[in-house]
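From first to last, the protein sequence lines are chains A and B. Using my numbering, you'd call the opening residue of the first sequence number 2 and step up by one each time. Using my numbering, you'd call the opening residue of the second sequence number 2 and step up by one each time. Working notes, beginning with the structure itself.
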Amino acid sequence: RKEVEQDPGPFNVPEGATVAFNCTYSNSASQSFFWYRQDCRKEPKLLMSVYSSGNEDGRFTAQLNRASQYISLLIRDSKLSDSATYLCVVKGGGYQKVTFGTGTKLQVIP
Amino acid sequence: EAQVTQNPRYLITVTGKKLTVTCSQNMNHEYMSWYRQDPGLGLRQIYYSMNVEVTDKGDVPEGYKVSRKEKRNFPLILESPSPNQTSLYFCASSLNGEGEQYFGPGTRLTVT
């Protein structure tokens with residue numbers, strides 16, 4: 002089983018739609034969780050951190066479920082500019098190991 | 002401007018010819034890391050460094066070396082590159098390894 006798993010997609014959604022991605026992780030000792038966004042052939046950039054209580058940033062909502070070991074990202078009112086690959090990142094352990102998921106590709110269609 | 006820089010951005014080389022990819026950050030970050038990104042495999046950590054003179058292996062360290070003699074620089078060294086090291090490489094840094102990582106623009110390496 003992979004340490005961090007994501008559905009690769011692609012998710013093709015119309016503008017204005019709501020879309021959700023999940024990411025599961027295998028290490029129950031993981032401590033920090035993030036969503037990054039990566040545009041084609043560019044460097045990843047932080048979208049948002051994920052907190053136990055859940056957090057929201059504009060149209061984006063992130064949730065963490067430690068019991069089931071998954072994190073989620075919800076995008077409301079999708080824009081064309083949201084088209085990108087979304088990477089789930091899990092970090093934990095005393096030696097600062099960072100694990101990226103393979104990413105979920107989102108394509109927002111006019 | 003706060004940034005992570007990598008050089009070169011593109012490199013085509015031949016098997017066995019030693020090369021170095023430089024990485025530099027101007028944010029006084031303690032933590033730096035190298036990743037390679039391959040289709041279907043995502044980003045995999047090669048090496049990371051918690052501070053000057055402190056480096057540790059990530060998931061795929063074989064065939065790579067790093068050094069951290071200064072806080073701002075974290076070069077990646079391929080002593081004898083092989084075709085299976087053809088990949089897109091990213092350097093990243095963060096303040097203390099806990100929060101956001103800032104990535105360089107990437108280095109696309111082709112080994113023939």
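The C-beta atom is built at its ideal place from N, Cα and C for all residues, glycine as well.
With a threshold of 7 angstroms between beta-carbons, can residue i be considered close to chain A, or not?
{"i": "B:LEU110", "result": "no"}
{"i": "B:GLN46", "result": "yes"}
{"i": "B:PRO106", "result": "yes"}
{"i": "B:GLU2", "result": "no"}
{"i": "B:GLY43", "result": "yes"}
{"i": "B:GLU101", "result": "yes"}
Flag residue i as yes if its beta-carbon sits less than 7 angstroms from any beta-carbon of chain B, otherwise no.
{"i": "A:PRO11", "result": "no"}
{"i": "A:VAL99", "result": "yes"}
{"i": "A:GLY104", "result": "yes"}
{"i": "A:PRO45", "result": "yes"}
On a Cα-Cα basis, can you pick out the residue from the options that is closest to residue i?
{"i": "B:VAL5", "options": "B:THR14, B:CYS24, B:THR16 and B:LYS19", "result": "B:CYS24"}
{"i": "A:SER33", "options": "A:PRO15, A:PHE61 and A:MET49", "result": "A:MET49"}
{"i": "A:GLY104", "options": "A:PRO9, A:ILE76, A:PHE22 and A:ILE110", "result": "A:PRO9"}
{"i": "A:CYS89", "options": "A:GLY59, A:ALA63 and A:SER54", "result": "A:ALA63"}
{"i": "A:PRO45", "options": "A:VAL51, A:PHE35, A:TYR52 and A:ASN56", "result": "A:PHE35"}
{"i": "A:GLY102", "options": "A:ARG67, A:LEU75 and A:GLN39", "result": "A:GLN39"}
{"i": "A:ASN52", "options": "A:VAL91, A:THR100, A:VAL99 and A:LYS98", "result": "Sequence inspection shows Tyr at residue 52 of chain A; the Asn mentioned does not correspond to that position. Per the Cα distances, A:VAL91."}
{"i": "A:LEU107", "options": "A:PHE22, A:GLU6 and A:LYS3", "result": "A:PHE22"}
In chain order, what residues of the same chain lie with their CB nearer than 8 angstroms to the CB of residue i, ignoring the 5 residues before and after it?
{"i": "B:ARG45", "result": "TYR36, ARG37, GLN38, ASP39, GLY59, ASP60 and VAL61"}
{"i": "A:GLU16", "result": "SER79, LYS80, LEU81, VAL109, ILE110 and PRO111"}
Looking only at its chain, what residues have a beta carbon closer than 6 angstroms to the beta carbon of residue i, apart from the 5 residues adjacent to it on each side?
{"i": "B:SER81", "result": "GLY17"}
{"i": "B:MET28", "result": "ALA3"}
{"i": "B:VAL15", "result": "THR113"}
{"i": "B:ASN201", "result": "Because chain B spans 2 through 113 in this model, residue 201 of chain B falls outside it and cannot be assessed."}
{"i": "B:GLY153", "result": "Outside the shown range of chain B (2 to 113) lies residue 153 of chain B, about which nothing can therefore be said."}
Tell me which residues share the same chain as residue i and place their Cβ nearer than 7 angstroms to its Cβ, disregarding the 5 neighbours each side in the sequence.
{"i": "A:GLN60", "result": "Note on identity: in this sequence residue 60 of chain A is Arg, with Gln being the wrong assignment. So the qualifying residues of the chain are ILE76, ARG77 and ASP78."}
#### Entry: chain A contacts made by the stretch 28-41 of chain B, where a contact means CB separation under 8 angstroms
Contact residues of the stretch 28-41 of chain B toward chain A are TYR32, SER34, TYR36 and GLY41 (C-beta to C-beta distance below 8 angstroms).
### Query
When Cβ atoms are compared, which residues of the stretch 74-94 of chain B fall closer than 7 angstroms to chain A?
For the stretch 74-94 of chain B, which is checked against every Cβ of chain A, the residues closer than 7 angstroms are PHE91.
### Task
Would you list, in chain order, the members of the stretch 26-37 of chain A that have their beta-carbon closer than 7 angstroms to a beta-carbon of chain B?
Listed in sequence order: SER33.
#### Entry: Minimum length 3: unbroken beta strand (DSSP E) runs contained in the stretch 15-85 of chain B
Within the stretch 15-85 of chain B, the beta strand (DSSP E) runs of at least 3 residues that lie entirely inside it are, in chain order, 20-26, 32-39, 43-52, 55-58 and 77-79.
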